[in-house]
Amino acid sequence: MYRGYPIEQLAEESTFLEIAYLLLKGELPNKQQFEMFSHNIINHTMVHEQILNFYQGFRRNAHPMAILCGATGAMSAFYEDSADINDPNQRMISTNRLIAKIPTLAAMATSTL
């Protein structure tokens, strides 16, 4: 069980973004909430070009998880508009960016092998 939902049910019936919303907000989204959340995530999917250059600084045989950790940590240097951890709005922007960008950053980290 998670937040009152059987994990099996979530795995079978919910999308990744619906579950991300559940983890962040404590409940599954209705249609309007999901559309707004999806729009916010999609709005942040593009990866800053300088992050692409950042990847070139890693050794070719570096472990993908080490690369992903480095790139994730470096994101705060590229997105200063959401660096105040005491501001709930900025934390949500950072969270949305992570949800949006991690799949691309992970793919980029593994493509260096």
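Residue numbering for the sequence shown follows the numbering used here, beginning at 158 and increasing consecutively. We put the beta carbon where it would ideally sit given N, CA and C, even for glycine. In this text, all values refer to a predicted model and were calculated from it rather than measured experimentally.
Look at the alpha carbon of residue i and the alpha carbon of residue j, and state the distance between them as a whole number of angstroms.
i: H220; j: S171; result: 32 Å
i: L262; j: I164; result: 27 Å
i: N243; j: M249; result: 11 Å
i: F191; j: L167; result: 15 Å
i: E237; j: S251; result: 10 Å
i: N218; j: I259; result: 20 Å
i: Y162; j: R216; result: 43 Å
Can you tell which of the options has the C-alpha that lies nearest to the C-alpha of residue i?
i: Q213; options: L225, N246 and T202; result: L225
i: A257; options: Y159, T202 and S233; result: T202
i: M222; options: D241, F235, T267 and S251; result: T267
i: H230; options: L255, Y178, I198 and P186; result: Reading the sequence as shown, one finds Gly at residue 230 and not His. The candidate whose alpha carbon is nearest that of G230 is L255.
i: L180; options: M158, H196, K188 and N200; result: M158
Here's the rule: buried if 16 or more other CB atoms are within 10 angstroms of the residue's CB, otherwise exposed. What is residue i?
i: K182; result: exposed
i: A177; result: buried
i: F194; result: buried
i: M232; result: buried
i: P186; result: buried
Apart from the five residues just before and just after residue i, which ones in its own chain have a Cβ nearer than 8 Å to its Cβ?
i: A228; result: I208, F211, Y212, L262, M265 and A266
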